[in-house]
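Number of protein chains: 2
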Amino acid sequence: MSSIPDRSDIERHSIELIRRHTPARPYGGHSDVCSRVLAAVESQASASTIGGKRLRARLALAAHSALGSGTSSAMLDLACAIEIFQTAALIHDDIIDDSDLRRGRPSAHKALGDELGDPRIGRGLGLMMGDVLATCSIDVAADASRSLPNGQEIVSSFLAMQRDVGMGQVLDLAVELAPLSEPDRLAQASLNVFRWKTASYTTIAPLELGFLASGSLDPASCARAAHAIGEPLGVAFQLEDDLLDVVGTSSATGKPVGGDIREGKRTVLLADAIDAATPSDRATLIGMFDKDARTDDDVETTIRLFHDTGALDRSRRRISALWSHAVRELDALGLEGSKRDLMRKSCMDFMPMMMDAKNDPQQPLD
Amino acid sequence: MSSIPDRSDIERHSIELIRRHTPARPYGGHSDVCSRVLAAVESQASASTIGGKRLRARLALAAHSALGSGTSSAMLDLACAIEIFQTAALIHDDIIDDSDLRRGRPSAHKALGDELGDPRIGRGLGLMMGDVLATCSIDVAADASRSLPNGQEIVSSFLAMQRDVGMGQVLDLAVELAPLSEPDRLAQASLNVFRWKTASYTTIAPLELGFLASGSLDPASCARAAHAIGEPLGVAFQLEDDLLDVVGTSSATGKPVGGDIREGKRTVLLADAIDAATPSDRATLIGMFDKDARTDDDVETTIRLFHDTGALDRSRRRISALWSHAVRELDALGLEGSKRDLMRKSCMDFMPMMMDAKNDPQQPLD
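Which chain is which? The protein sequence lines are A and B, in order.
Residue numbers for the first sequence follow my numbering, beginning at 105 and rising by one.
Residue numbers for the second sequence follow my numbering, beginning at 105 and rising by one.
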C-alpha cells in the first residue's frame with residue numbers, strides 16, 4: 105500500500121541527522137573530562153532517540169504521500185526533524201517532572217547524572233541536550249525546506265509547533281495549581297493543555313508539514329485541514345494515553361500503572377471523577393490529590409473511583425466522539441483508494457486502545 | 105558618528121518582538137489560574153529582557169553599518185533576535201546554576217516561583233520560558249532574513265550560534281568535574297569553554313550576522329572575519345567578566361563580589377593561581393574548591409591568593425594580548441574613518457575594565 109519508511113528507518117535516520125547537524129568533535133579535546141562528558145552527551149542523544157513508535161514522522165510521511173508522491177530524501181529529513189524535536193521536548197519534560205524513567209529506561213538527565221556521579225550536573229546536561237536537540241531539529245527542518253515546496257511556510261509551521269508545545273507545557277504547570285473544587289473548569293483547562301502540549305506536535309504539525317511539503321494544497325488549506333483533523337485526533341490520543349496509565353499494563357506503556365495518579369497529575373479523568381462523585385467520594389479524591397504524595401492504596405482507591413464514577417467510560421465516550429470528528433474531517437479531504445486507507449491507518453495508529461477489541465468497557469482493569 | 109539604535113531602543117523593540125511573535129492570548133482563557141500563569145510568564149519575559157547593555161545587538165548593528173548602509177528595520181529585528189536568544193540562554197543558565205539573582209534582580213525561575221508560591225513550578229516555567237524565547241528568537245531571525253542579503257546563511261549562522269552556546273554550556277558543566285591538580289589543562293579547557301559558551305553569541309555571531317546582512321562580503325569572508333575578530337574579543341570579554349567578579353563592585357556587576365568563588369566556579373583565574381602558587385597555597389586553594397561551599401573567609405583568602413600568585417596580572421596580560429589580536433584583525437578589514445571608529449568603539453565597549461584608567465594593576469581590590 106505504501107513505500108513509507110518504517111519505524112526503524114526513521115529511528116536510524118534521526119540519529120544520523122543528529123550526528124551530522126550536531127557533531128561533538130569540534131568542541132572537544134582540551135581535557136579528559138570534557139571529552140568524556142561530550143561522549144556521554146553524544147551517546148545519550150542517540151539513546152534518547154531510540155524506542156518511540158515514530159507515529160509523528162509516519163503521519164507526516166503519510167500526509168505527504170496521500171497528497172503528493174513518494175517520499176523524497178528532504179521529506180524524510182523533515183519527518184525526522186519532528187522526532188528529533190520530540191526527543192528534545194521529552195528530555196525537558198522529564199526534568200520538569202523529575203521523572204527517572206522514559207520508555208522504560210532511565211531518562212536522559214538521570215542517565216547522565218548516574219554516569220557522571222552527580223545528579224545536578226546530569227540535570228544541567230539534560231537541559232542543554234534538550235536545547236541543542238531542539239535547535240538541531242530546526243536546522244534539519246530548515247535544510248529540508250530548501251528542497252521542498254512551501255519552504256518558508258514549512259519553517260514557520262515548525263517554529264509555531266515548538267512555541268505551541270512550550271506554551272502547552274506552561275499551561276500544564278498552571279493546571280497543577282488549579283483548584284480541584286471546580287472539576288468542570290479543570291476538565292476544560294486540561295483539554296486545552298492537550299490541544300497545545302500534545303496535539304500541536306503529535307498530529308497537527310505532522311499533518312500540516314506533510315501537506316505543505318506535498319505542494320498539492322495552498323498553505324491556508326494545509327493549515328485548515330491539519331487543524332480540523334489533527335486537533336480532535338491529538339486530544340483523543342492524549343485522553344487514551346491517560347486512560348492507558350490507569351487501565352494499561354506497565355509493559356505496554358513503559359511506565360508503572362497509575363503513575364499519573366501517584367504523581368498527582370490533574371487529568372481529565374480526575375476532573376470527571378470529582379465531577380460525578382458522591383460528596384464523600386469527592387472529598388476522598390480531593391483529599392488524596394491535595395497531599396504531596398499518594399500511596400499504593402491511594403492509587404488503588406483512585407482507580408476504583410475512576411471506574412465507579414463512570415469517569416473511565418466518560419473518557420472512552422470523549423475519545424470516541426473526537427475520533428469520529430477526526431475521521432469526518434479526514435473523509436472531507438476527498439482522498440480515494442489506497443491514499444485514503446493510508447491516512448486512515450496512520451491516524452488509527454494513534455488509538456491502539458480504541459481499536460483493540462480486548463478493551464471491553466466493562467473490564468477496565470486488564 | 106552613527107545612527108545606530110541605542111540600548112533603550114533595542115530593549116523596547118526586543119520586548120515588542122517577543123509580544124508579536126509569542127503572544128499569550130491564543131493559549132488562555134480556560135481557568136483563572138491558567139490566565140494568571142500566562143500573564144506571569146508574559147510579564148516575566150519582558151522583565152528578563154530588561155537591564156542588559158545590549159552589547160551584542162549593538163555590535164551586530166555596527167558590523168552591518170560599517171560594511172553596509174544605515175540600519176534597516178529587518179537588521180534591527182535581527183540584532184534584537186540575538187538579545188532575545190541571550191535572554192533565553194541566561195534563563196536556562198540560572199536554572200542550571202540555581203542562581204536567584206540576575207542583573208541585580210530575581211532570576212526568571214526564582215521570580216516565577218515566588219509569585220506562584222512554588223519553586224518547582226517556577227523552575228518548570230523558567231525552563232519553558234527559555235525554550236519559548238529561544239524559538240521566538242529564531243522566528244524573529246528567520247523573518248528578518250527574508251528581507252536581508254544572504255538570508256539562508258543568516259538562518260544557518262543563527263542556528264549554529266545556538267548550538268555552540270548549548271555545547272559550550274555542556275563543556276562548562278564538564279569543567280566542574282575537572283581535577284584541580286592539573287591547572288594548565290584546566291586553564292586550556294576553561295578558555296575553550298569561553299570560546300563556545302561566550303564568544304560564540306557575544307561577538308562571533310553578532311559580527312557574522314551583521315556582515316552577512318550588509319551584503320558587502322561573500323559568506324565565507326564574513327565567517328572568516330567574524331571568527332578572526334570575535335574569538336579573541338569574546339574570550340577577552342569573558343576573562344574581564346571573571347576578573348570583575350573578583351575586583352569589581354557589586355553595584356557595577358549586579359552580583360556580589362566573589363560570587364564565582366563562593367559558587368566554586370572553575371575559572372582561568374583559579375587555574376592560573378593554582379599553577380603559580382607555592383605548594384602550601386596550592387593545597388589551600390584546592391582544599392577550598394573541593395568543598396561543597398566556601399565561607400566569606402575563604403572568598404577573602406582566595407582573592408588574596410589570586411593577587412599574590414600573580415593570577416590577576418596574568419589574566420590582565422591574557423586580556424591585553426587577546427585585545428591586541430582582535431584589533432589587528434579589525435584593522436585588517438581595511439575600514440576607514442568613521443566606520444573604523446564605530447567598529448573600534450563597539451568592540452571596546454566589551455572591555456570596560458581594560459579601558460578604565462582607574463583599574464590600576466597594583467590596586468586589584470577597588
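Glycine included, each C-beta is placed from N, C-alpha and C at the ideal position.
Remember, predicted model here, so these are calculated numbers, not experimental data.
Flag this pair as yes or no: are the beta carbons of residue i and residue j separated by less than 8 Å?
i, j, result
"A/Gly334", "A/Ile365", "no"
"B/Met271", "A/Tyr131", "yes"
"B/Phe341", "B/Thr306", "yes"
"B/Leu229", "B/Leu237", "no"
"A/Asp379", "A/Leu409", "no"
"B/Met179", "B/Leu252", "yes"
"A/Ile195", "A/Ser241", "no"
"B/Thr175", "B/Ser107", "yes"
"A/Leu343", "A/Ile407", "no"
"A/Ser320", "A/Leu171", "yes"
"B/Leu277", "B/Lys301", "no"
"A/Met457", "A/Leu348", "yes"
"B/Ala167", "B/Pro310", "yes"
"A/Met447", "A/Leu426", "no"
"A/Leu142", "A/Asp181", "no"
"A/Asp202", "A/His125", "no"
"A/Gln273", "B/Met232", "yes"
"B/Val361", "B/Gly368", "no"
"B/Val269", "B/Ala193", "yes"
"B/Ala472", "B/Thr413", "With chain B covering only 105 through 470, there is no way to say anything about residue 472 of chain B."
"A/Ala514", "A/Asn254", "Past the boundaries of the shown model lies residue 514 of chain A; chain A is included only from 105 to 470, so the question cannot be answered."
"B/Gly156", "B/Arg116", "no"
"A/Glu312", "A/Ser260", "no"
"B/Asp402", "B/Leu373", "no"
"B/Arg267", "A/Thr239", "yes"
"A/Leu165", "A/Pro109", "yes"
Quickly, what does DSSP pair residue i with across the bridge? List them, please.
i, result
"B/Leu109", "Inspection of the sequence shows that residue 109 of chain B is occupied by Pro rather than by Leu. According to DSSP, which records beta bridges pairwise, B/Pro109 is partnered with nothing at all."
"A/Leu121", "Paired residues: none, contrary to the question."
"B/Arg418", "B/Arg418 pairs with nothing; no bridge assigned."
"A/Pro210", "A/Leu205"
Mind reading off the beta-carbon distance from residue i to residue j? Whole number of angstroms is fine, and I expect it under 8 Å.
i, j, result
"B/Ala144", "B/Glu219", "5 Å"
"B/Ile199", "B/Ser150", "That pair is no contact at about 19 Å."
"B/Phe315", "B/Ala329", "6 Å"
"A/Ala375", "A/Leu290", "4 Å"
"A/Arg299", "A/Val339", "6 Å"
With three or more C-beta pairs closer than 8 Å as the rule, is the stretch 126-141 of chain A touching the stretch 412-420 of chain A? Verdict: no, contact absent.
Specify whether the stretch 200-214 of chain B and the stretch 279-288 of chain B touch according to this definition: at least 3 beta carbon pairs, one from each stretch, less than 8 Å apart. No, the stretch 200-214 of chain B does not touch the stretch 279-288 of chain B.
Members of the stretch 240-254 of chain B that neighbour chain A once the beta carbon cut-off is set at 8 Å: Residues of the stretch 240-254 of chain B whose Cβ lies closer than 8 Å to any Cβ of chain A, in chain order: Cys240, Ile242, Asp243, Ala246, Arg250.
Contact residues within the stretch 361-376 of chain A, judged by C-beta distance below 7 Å to chain B: Under the 7 Å Cβ criterion, the stretch 361-376 of chain A contributes no residue.
Can you confirm whether the stretch 155-162 of chain A touches the stretch 180-188 of chain A when touching is taken to mean that 3 or more C-beta pairs between the two stretches lie within less than 8 Å? Contact between the stretch 180-188 of chain A and the stretch 155-162 of chain A is present, because at least three Cβ pairs lie under 8 Å.
What residues in the stretch 120-132 of chain B bring their beta carbon closer than 9 Å to a beta carbon of chain A? Listed by position along the chain: His125, Thr126, Ala128, Pro130, Tyr131, Gly132.
Does the count of Cβ pairs from the stretch 421-432 of chain A and the stretch 321-340 of chain A closer than 8 Å reach three? Three or more pairs of CB atoms, one per stretch, sit closer than 8 Å, so the stretch 421-432 of chain A contacts the stretch 321-340 of chain A.
Can you give me, in chain order, the residues of the stretch 137-161 of chain A that have a beta carbon less than 8 Å from any beta carbon in chain B? Near chain B, meaning a CB-to-CB distance below 8 Å, the residues of the stretch 137-161 of chain A are Val137, Cys138, Arg140, Val141, Leu142, Val145.
Taking beta-carbon pairs under 9 Å, can you tell me which members of the stretch 195-223 of chain B lie near chain A? Within the stretch 195-223 of chain B, the residues whose Cβ lies closer than 9 Å to some Cβ of chain A are His196, Ile199, Ile200, Asp201, Asp202, Leu220, Gly221, Asp222, listed in chain order.
The stretch 321-340 of chain A: positions lying closer than 9 Å to chain B by Cβ: Correct list: empty, as no residue qualifies.
Under 7 Å, CB to CB, which of the residues in the stretch 424-445 of chain A have a partner in chain B? Shown here is that no member of the stretch 424-445 of chain A has a Cβ falling below 7 Å from a Cβ of chain B.
Residues in the stretch 391-419 of chain A with C-beta within 7 Å of chain B's C-beta atoms, listed in sequence order? So the list is empty, because no residue satisfies the distance condition.
Taking Cβ-Cβ distances below 7 Å as the criterion, which residues of the stretch 260-277 of chain A are in contact with chain B? The residues in question are Leu263, Gln266, Arg267, Gly270, Met271, Gln273, Val274, Leu275, Leu277.
Compile a chain-ordered list of the residues in the stretch 182-193 of chain B whose CB is closer than 7 Å to at least one CB of chain A. From the stretch 182-193 of chain B, no residue has a Cβ closer than 7 Å to chain A.
Scan the stretch 282-294 of chain B for residues whose Cβ lies nearer than 9 Å to a Cβ of chain A and list them as they occur along the chain. Residues Ala282, Pro283, Glu286, Arg289, Leu290, Gln292, Ala293, Ser294.
Cβ-based contacts, 8 Å cut-off: residues of the stretch 228-239 of chain B near chain A: Along the stretch 228-239 of chain B, the positions whose C-beta sits under 8 Å from a C-beta of chain A are Gly228, Leu229, Leu231, Met232, Met233, Gly234, Asp235, Val236, Ala238, Thr239, read in chain order.
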